[in-house]
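Each step along the sequence shown adds one to the number in the numbering used here, with nothing skipped, and position 404 is 404. Positions of the beta carbon are idealized from the N, C-alpha and C atoms, including for glycine. Structure record follows, encoded as structure tokens.
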Amino acid sequence: MRATRERAAQMAGEIADRLADPGGVVTTVLAPDNLDHVPGFPPRHPWRPAALASGHPGIALLFSELDRADDRATMHAHLSAAVDGLQAGDTGLFGGLAGIGIAASFGARRPGEYAGLLREIDDRVAAEVEALLGPEHARLAAGARGTSMGSFDLISGVTGLGRYLLHRHETDETLATILTYLVRLTEPITVDGATVAGWWTPGSPSLLTREHPRYARGHINVGQAHGIAGPLALLALAYEAGVTVPGHETAMDRICTWLASQLRTDNGDTYWPSAVSLAEEMTGVPDGPSGDRSAWCYGTPGVAHSLHLAGRTLHRPALQQEALALLWHSVDRAERAGALDDANLCHGWGGLLTLVCQVAGQDRSRPWQRLADRLAERTMSWYLPQVPFGVRHEPLGGKLARHRPGFLEGAAGVALALHVYATARVGGPGAAALLLG
């Protein structure tokens with residue numbers, strides 16, 4: 001609805017204004033009482049200066065998309081602060097140089113702008129890929145089983161670095177190396193005498209469930225942020241862009257087939273679990289109901305959207321339609337139940353809004369448009385002008401920081417989601433970083 005879009009545009013601008021001053025953002029987020037308390041870790045602020053997820057690059061990404069008088073200068077100020085804040089060990093699309101690079105690349109408005117910075121980032125990302133894949137290539141050559149999420153996933157691994165490289169260069173040797181590795185990763189392996197998915201990972205899918213007996217023998221991750229849905233999306237987008245490697249289609253088909261085999265049905269709801277235990281993979285029998293998280297990071301929405309991209313790439317209308325039906329059912333159910341407890345991109349309403357806007361912008365049917373309207377209302381309900389960044393957070397049991405300016409779990413991502421909705425934007429920096437387009 002037009003009135004809803006106008007309110008969303010206004011709210012996005014108001015949140016952005018609160019993020020405009022890099023120094024002011026840092027002062028607020030580093031307040032002594034603004035801390036995350038995660039079991040097993042020391043208290044920490046929700047801020048890493050050079051991280052796309054929770055630092056200056058994510059805010060720069062927001063301002064690269066806005067088109068107001070001072071937004072270019074603000075974007076540049078946050079990019080400069082990000083470069084100044086880079087530390088040894090900052091890696092991955094959401095934690096390192098690639099995140100700065102994707103913000104600078106989207107922010108460049110004329111030929112040659114940020115060219116020196118981007119060339120340096122390209123070189124260092126290539127070295128980062130080599131450092132990640134060197135041990136993986138050695139493992140595969142030795143026939144050793146068991147990868148790690150940080151090697152292949154979107155957040156920290158080569159899938160995220162591949163997303164950056166695909167945006168920067170459609171023909172790139174390092175990107176081809178990543179795609180070739182992902183193709184190899186989809187090949188089945190044998191664990192304890194059983195054939196299982198090649199991205200089987202020893203240990204738990206989450207730091208918070210690392211002692212969970214379900215994952216004592218490892219897991220196969222399903223989700224968009226840390227699981228196989230992310231590589232599927234990258235493989236599909238690269239294929240559409242004409243960047244292909246041997247086995248490309250076979251790998252996508254293998255992932256799609258595996259995902260189809262993992263659909264669960266509980267109480268009439270069909271969904272994907274966040275992860276599959278080794279026992280579940282071996283027997284094909286669920287350990288028990290896990291429920292649908294209904295978020296971008298984990299759950300049916302992110303997985304279904306990646307399947308939709310694969311169906312589009314492989315020219316399989318039936319796969320596209322099935323994926324969209326599952327996506328609709330999951331998001332519609334979550335919205336009607338008010339099932340999410342945050343507005344952020346990662347696991348909140350903003351992520352579902354951004355995702356649905358990508359579909360609605362291409363489908364143009366009234367049901368998808370209305371669903372986007374409803375999600376926008378849900379997202380805007382978390383706006384609170386009394387708090388520093390304009391977005392309220394309700395930390396579970398008071399364990400998480402209340403003031404979060406970042407892209408993935410904070411105000412910058414919420415503002416970008418509202419801007420995407422208000423402008424009916426398909427593609428763009430937010431969708432690219434989230435592997436939605």
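Inter-residue spacing [alpha-carbon to alpha-carbon] between residue i and residue j
i    : j    : result
R214 : M1   : 45 Å
L435 : R163 : 7 Å
R109 : L416 : 19 Å
W316 : S381 : A small correction: the amino acid at residue 316 is Arg; Trp does not occupy that position in the sequence shown. So the two alpha carbons sit approximately 38 Å from each other.
D253 : E128 : 28 Å
N34  : P46  : 8 Å
G390 : S105 : 27 Å
D363 : W199 : 33 Å
L62  : S80  : 15 Å
H438 : L235 : Given that the chain is displayed from residue 1 to residue 437, the structure contains no residue 438 and the question cannot be resolved.
A77  : S277 : 45 Å
H419 : A433 : 16 Å
S64  : G437 : 17 Å
I255 : E249 : 10 Å
G406 : V26  : 11 Å
A60  : A103 : 6 Å
G89  : A431 : 26 Å
P188 : P246 : 17 Å
A197 : G146 : 10 Å
I100 : L140 : 31 Å
N221 : A194 : 18 Å
V191 : T244 : 30 Å
G230 : D153 : 7 Å
D342 : L400 : 12 Å
R404 : S290 : 29 Å
A233 : T354 : 16 Å
P429 : G150 : 23 Å
M282 : G218 : 12 Å
T300 : L324 : 10 Å
A9   : P32  : 33 Å
Under the three-state DSSP convention, the category residue i falls into
i    : result
Y114 : coil
H76  : helix
R36  : One point to set straight first is that residue 36 is Asp, not Arg, in the sequence displayed. Of the three classes helix, strand and coil, the one that applies to D36 here is strand, per DSSP.
V29  : helix
I220 : strand
V183 : helix
T195 : strand
R44  : strand
Y383 : strand
T147 : coil
V391 : strand
T91  : coil
I121 : helix
T171 : coil
I189 : strand
Outcome for residue i when other beta-carbon atoms lying within 10 angstroms are tallied against a minimum of 16
i    : result
N267 : exposed
V158 : buried
Q321 : exposed
E409 : buried
E6   : exposed
S365 : exposed
F337 : Correcting the residue type first, residue 337 is Ala in the shown sequence and not Phe. With fewer than 16 Cβ atoms within 10 Å of its Cβ, A337 is classed as exposed.
H169 : exposed
R48  : buried
V38  : exposed
L30  : exposed
L319 : buried
L179 : buried
E130 : exposed
V356 : buried
L165 : buried
R44  : exposed
Rounded distance between the beta-carbons of residue j and residue i, thought under 8 Å
i    : j    : result
V331 : L352 : 5 Å
Q224 : S294 : Wrong, their Cβ atoms sit about 12 Å apart, outside the cutoff.
V445 : N344 : Residue 445 falls outside the range modelled here, since the chain spans only 1 to 437, and no answer is possible.
L93  : G160 : 3 Å
A372 : Y298 : Going by Cβ atoms, the distance from A372 to Y298 rounds to 21 Å, so no, they are not a contact pair.
A251 : L182 : 7 Å
T4   : E377 : 7 Å
P205 : S156 : Wrong, their Cβ atoms sit about 14 Å apart, outside the cutoff.
G85  : G55  : 7 Å
A126 : L66  : A126 to L66, Cβ: 31 Å. No contact.
I121 : A98  : 7 Å
C346 : W272 : C346 to W272, Cβ: 17 Å. No contact.
Closer than 7 Å: residue i CB and nearest the ligand FAD heavy atom
i   : result
A82 : As presented, the structure is devoid of all ligands, the ligand FAD included, so that no description of it is given.
As an exercise, report each continuous alpha helix (DSSP H) stretch of at least 4 residues that is fully enclosed by the segment 231 to 290, in chain order. 248 to 261 and 278 to 283
Complete beta strand (DSSP E) runs within the segment 327 to 379 (minimum length 3 residues, chain order): none
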